[in-house]
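Novice: Would you mind keeping the following structure in view while I ask a few things?
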Amino acid sequence: MLEAQSLSKTYKSDGVDYEALKDVDLSVRRGECIAIVGKSGSGKSTLMHLLACLDAPTNGSVLIDGRDTSAFSERAKNSLRNEKFGFVFQQFFLNGRDTVFENVVLPMRIRGASNAEIKTETNAALTAVGLDDKINKKAKDLSGGEKQRVCIARALVGKPEVIFADEPTGNLDSNTGAAVEELLFDLNHEQGITLVVVTHDADLAGRCDRVIEMKDGRIVADLLKEVTAQ
Amino acid sequence: MKTWDLIRTANRNLFRNKLRTTLTVLAIFVGSFTLTMTNGVGDGMRDYVESQIKNIEGDRVAMVRKKIETPNGPSSGAAVEYKEGSDESDETAIDPNTVLLTQPQIESVVRDIPGIIGVTPRYSIRGEHISVEGSKKYKVELGMLSDGLVAKTETGKSIGGPNQIVLQIGLARALDEKIENLVGKTATVGYKIPDGSIKTVDLTVTGVMTKGFMTNNNSFVSSDVAKRMFEDQSVQAGPNRFLGFTIQMDSSDPTKIEAIKKRLDEKGFEAETVADTQQRTYDAIGIFKTGMNLFAMVALLAASFGIINTLVIAVLERTKEIGLQKALGMGRGKIFAIFSLESVLIGFWGAFLGAVGAIVTGLVANQIFVKFYARSFEGFSLFAFKPISITAIMLLVCGIAFVAGVMPALRASQLNPIESLRYE
């Protein structure tokens with residue numbers, strides 16, 4: 000469903016060109032759980048940003064369900080991200096002074112959903128992450144693990160097809176991190192949501208169906224596990 | 000995002016930093032307060048003046064006088080050659096060096112202008128005393144009410160025929176506490192003639208005039224009375240000469256009046272209708288009001304920099320949040336709208352509170368003013384607050400706030416989502 004065709008990205012910093020991504024080809028199938036690993040500066044985040052249409056490639060193109068996104072207007076890209084993608088970041092980017100509900104509801108509000116729809120979707124998302132009892136709590140009063148679960152609920156609300164997770168456990172201790180991982184894999188297995196995880200955590204990567212390893216802007220390994228560990 | 004959600008979000012964002020928002024609103028408040036006050040003074044003045052100058056009406060009448068032409072005009076000081084018998088030979092020939100004209104001269108000027116149906120000199124007359132059917136005698140100041148002009152009255156009506164007088168209100172109250180009693184009674188007016196003796200004339204009181212400063216403290220007599228008194232009082236040798244004349248026109252249509260004024264202008268005369276006089280006064284007040292409002296605008300301008308500052312800081316503070324919103328699919332337009340709305344809301348609250356503060360202050364000031372100066376300025380409110388002016392001010396302030404918010408809002412809308420999410 001997601002396809003990168005000879006994707007490259009060059010950043011300019013202080014007048015010097017820096018090639019973050021060099022001629023990358025990748026195909027992500029629907030329902031797949033894929034980890035992109037590599038050291039920092041390997042281009043894994045850049046690849047994720049391009050796949051998620053958060054950034055435009057210098058060369059090459061990203062295809063979504065066979066359609067070339069480089070032809071999309073900004074508006075079309077915005078609604079694509081809003082409706083088909085969900086995002087989980089290492090930093091939570093929650094608004095501490097707002098309630099859990101208000102934080103989770105953001106993609107629905109951006110979409111302009113009706114109040115009834117917002118209510119049922121948000122409740123469903125919060126139930127899925129096991130936080131339906133904290134719906135009216137202020138986000139700042141939650142623990143780190145709970146905050147990341149709120150973020151997952153925010154990614155989940157409005158039924159995305161793909162969830163992009165950028166170091167989702169990076170800010171969590173191993174126990175809560177494991178719970179968050181569990182939650183993401185459950186979503187992948189049970190709801191069939193495609194999962195794209197960017198991480199340098201080998202354990203997390205090891206639990207994905209497929210591991211893409213990156214180095215210096217290129218894919219150096221693409222490991223597909225035939226049998227997924229349940 | 001729905002409009003209502005945008006407004007709600009903007010409002011919530013503002014209340015996240017209450018102190019900063021309050022201070023910015025306060026700056027706008029000062030500007031809006033000042034503007035509402037200065038505008039209120041202007042409107043108060045206009046209202047008062049309007050009530051005062053509207054006490055003489057007449058839309059088919061104009062005051063005519065000769066234009067003072069500067070190189071040969073009487074004030075130029077240039078020597079003028081004397082022409083033997085130039086005046087006597089033709090009584091309608093007009094001496095270019097004087098603005099004083101005889102009745103035949105002015106009649107010859109207006110004769111061939113279509114639309115003018117009458118012309119009367121403006122007789123200046125001096126009254127001595129007045130009494131009404133055996134009352135005490137009071138001093139009286141007299142003026143002539145030209146045909147076609149209507150005096151606004153408290154009671155009774157304006158002059159409508161010969162041998163009539165309409166009384167000044169203060170004088171009327173002295174003559175009879177119940178001024179309505181005076182209407183229809185006979186007033187005996189005494190006036191001094193050149194030999195020093197006092198001549199009297201009996202006039203019918205038609206009404207009592209509404210107070211107004213266009214009429215000074217005059218009581219007005221009909222033109223026939225004014226003419227007789229003037230002739231009795233005149234000490235001039237030869238034919239009487241007048242500075243001003245009143246013309247009566249057959250139409251109140253402004254374009255026709257304009258045409259008549261143009262014809263008169265070509266002949267070297269200027270004409271001014273009651274409406275012109277009123278307009279001139281309104282223009283003067285308008286200039287005054289604009290001047291005052293400019294000061295308030297300076298305060299608003301200063302305050303708008305406060306808005307820019309507040310929003311620039313807010314954009315920096317919320318860079319990550321903007322990054323997230325963009326990543327989750329919020330378009331530039333919506334981001335721009337949220338910041339613009341915040342700006343306009345600051346403007347709105349400042350304008351609203353400023354207007355409320357100004358109205359309260361103004362009404363209190365009016366009360367105090369009435370206590371101290373009510374006698375000399377009857378019916379004068381120091382501040383007048385009109386819904387339309389207040390609405391206009393609020394819209395203006397919101398508009399200024401919007402403009403102030405454009406730069407920060409554009410900045411916010413153009414942020415790159417990835418960089419914003421990484422912003423520290």
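Protein chains in written order, with numbering that gives the first Met the number 0: chain A, 0 to 229; chain B, 0 to 423.
Don't be surprised by glycine CBs; every beta carbon is placed ideally from N, CA and C.
1. Please name the residue or residues paired with B/Ala270 in a DSSP beta bridge.
2. Buried or exposed for A/Tyr10, going by 16 or more other Cβ atoms inside 10 Å?
3. Put B/His128 into one of helix, strand or coil per three-state DSSP.
4. Can you find a CB in chain B that lies within less than 9 Å of the CB of A/Asp16?
5. Measuring CA to CA, which of B/Phe351, B/Ser303, B/Ile312 is closest to B/Phe401?
6. So, helix, strand or coil for A/Gln89, using DSSP?
7. Sorted by chain position, which residues of the same chain lie with C-beta nearer than 7 Å to A/Ala178's C-beta, five sequence neighbours on each side aside?
8. Just to confirm before moving on: does the CB-CB distance between B/Gln247 and B/Val60 stay below 9 Å?
9. Does A/Ala19 get closer than 9 Å to chain B when you measure Cβ to Cβ?
10. Name the chain C residues whose beta carbon is nearer than 7 Å to that of A/Arg96?
11. Would you say A/Gly191 and A/Gly30 are within 9 Å of each other, going by their C-beta atoms?
12. If the cut-off is 8 Å on Cβ atoms, which residues from the segment 172 to 202 of chain A count as contacting chain B, listed in chain order?
13. Using C-beta distances below 8 Å, list every residue in its chain close to A/Ala220, excluding the 5 sequence neighbours before and after it, in chain order.
14. Measure the C-alpha to C-alpha separation of B/Gly195 and B/Lys135 and round it to an integer number of angstroms.
15. Run through DSSP, which three-state label would A/Lys214 get?
16. Give the list of continuous beta strand (DSSP E) stretches no shorter than 3 residues that lie fully inside the segment 30 to 57 of chain A.
17. Can you tell me where the beta strand (DSSP E) with B/Tyr122 in it begins and where it stops?
18. What in chain A is Cβ-close to B/Ile334, meaning under 9 Å?
19. Looking at chain B, which residues of the segment 42 to 53 of chain A have a Cβ within less than 7 Å of any of its Cβ atoms?
20. Excluding five sequence neighbours on each side, which residues of the same chain lie with their C-beta closer than 7 Å to the C-beta of B/Leu340?
21. Would A/Ala61 and A/Ala112 qualify as a contact pair, given that the criterion is a beta-carbon distance under 9 Å?
22. Taking the straight line between their C-alpha atoms, what separation do you get for A/Arg96 and A/Thr57?
23. Kindly indicate which three-state DSSP category B/Glu179 falls into: helix, strand or coil?
24. Hey, out of B/Gly332, B/Pro95, B/Ile259, whose CA is closest to B/Gly117's CA?
25. Between the alpha carbons of B/Leu352 and B/Lys261, how many angstroms are there, rounded?
26. Using a beta-carbon distance cut-off of less than 8 Å, what residues from the segment 102 to 120 of chain A approach chain B?
27. Taking DSSP's pairing of strands, which residues face B/Ile6 in a bridge?
28. Counting only beta-carbon separations shorter than 9 Å, does A/Gln229 have a partner in chain B?
29. Distance cutoff 9 Å, beta carbons only. Does A/Arg74 sit that close to anything in chain B?
30. Just to confirm before moving on: does the CB-CB distance between B/Gly142 and B/Phe244 stay below 9 Å?
31. Whole angstroms are fine: how far does the CA of B/Met296 sit from the CA of A/Ser41?
32. Which residues of chain B have a Cβ atom closer than 8 Å to the Cβ of A/Arg80, listed in chain order?
33. How would you call B/Lys333, buried or exposed, if buried means at least 16 neighbouring beta carbons within 10 angstroms?
34. In angstroms, rounded to a whole number, what distance separates the CA positions of B/Lys266 and B/Val98?
35. Excluding sequence positions up to five away, which residues of its chain have a Cβ less than 7 Å from the Cβ of B/Ala167?
Specialist: Working from what's here:
1. According to DSSP, which records beta bridges pairwise, B/Ala270 is partnered with B/Val63.
2. Taking all protein chains shown into account, A/Tyr10 has fewer than 16 neighbouring C-beta atoms within 10 Å of its C-beta and is therefore exposed.
3. B/His128: strand per DSSP, three-state reduction.
4. Chain B, which has no Cβ nearer than 9 Å to the Cβ of A/Asp16, makes this no.
5. Of the candidates B/Phe351, B/Ser303, B/Ile312, the one whose C-alpha sits nearest the C-alpha of B/Phe401 is B/Ser303.
6. Correct three-state label for A/Gln89: coil.
7. Taken in chain order, the residues that qualify are Gly144.
8. Contact flag set, yes.
9. So, not an interface residue.
10. In the structure shown, chain C does not exist; the protein chains are A and B.
11. Closer than 9 Å, so yes.
12. Per Cβ criterion, the list is empty.
13. Excluding residues up to 5 positions away in sequence, Val210, Ile211, Glu212 lie with their Cβ nearer than 8 Å to the Cβ of A/Ala220 in the same chain.
14. Between B/Gly195 and B/Lys135, the C-alpha separation is close to 22 Å.
15. In the structure shown, A/Lys214 adopts extended strand secondary structure according to DSSP, grouped into three states.
16. Counting only runs that start and end inside the segment 30 to 57 of chain A, the beta strand (DSSP E) elements of at least 3 residues fall at 32 to 37.
17. B/Tyr122 -> no beta strand (DSSP E), and no H or E assigned at all.
18. Proximity of chain A to B/Ile334 at the Cβ level (cut-off 9 Å) is not reached, the minimal Cβ distance being about 10 Å.
19. Correct list: His48, Leu53.
20. Here the set comprises Leu5, Ile6, Ala9.
21. Per the sequence shown, residue 61 of chain A should be read as Val rather than Ala. Not in contact: A/Val61 and A/Ala112 (Cβ atoms no closer than 9 Å).
22. Rounded to the nearest angstrom, the two C-alpha atoms are 39 Å apart.
23. Note: B/Glu179 maps to helix in three-state DSSP.
24. Looking at the Cα atoms, B/Ile259 is the closest of the given residues.
25. In this structure, the straight-line span from the alpha carbon of B/Leu352 to that of B/Lys261 is close to 50 Å.
26. Within the segment 102 to 120 of chain A, the qualifying residues are Leu105, Pro106, Arg108, Ile109, Arg110, Gly111.
27. Answer by DSSP bridge pairing: none, since B/Ile6 is not bridged.
28. Low per-residue confidence applies at A/Gln229: pLDDT is 43, beneath 50, and the placement is therefore not dependable enough to give any value.
29. Yes - at least one Cβ of chain B is within 9 Å of the one on A/Arg74.
30. Not in contact: B/Gly142 and B/Phe244 (Cβ atoms no closer than 9 Å).
31. When rounded, the distance between both Cα atoms is 57 Å.
32. By Cβ distance, chain B contributes Ala326, Leu327, Gly328.
33. By the neighbour-count criterion, in which a residue is buried when 16 or more other Cβ atoms sit within 10 angstroms of its Cβ, B/Lys333 is buried.
34. Going from the Cα of B/Lys266 to the Cα of B/Val98 covers about 13 Å.
35. The sequence shown places Gln at residue 167 of chain B, rather than the Ala named in the question. Excluding residues up to 5 positions away in sequence, Met208, Asn216, Asn217, Ser218 lie with their Cβ nearer than 7 Å to the Cβ of B/Gln167 in the same chain.
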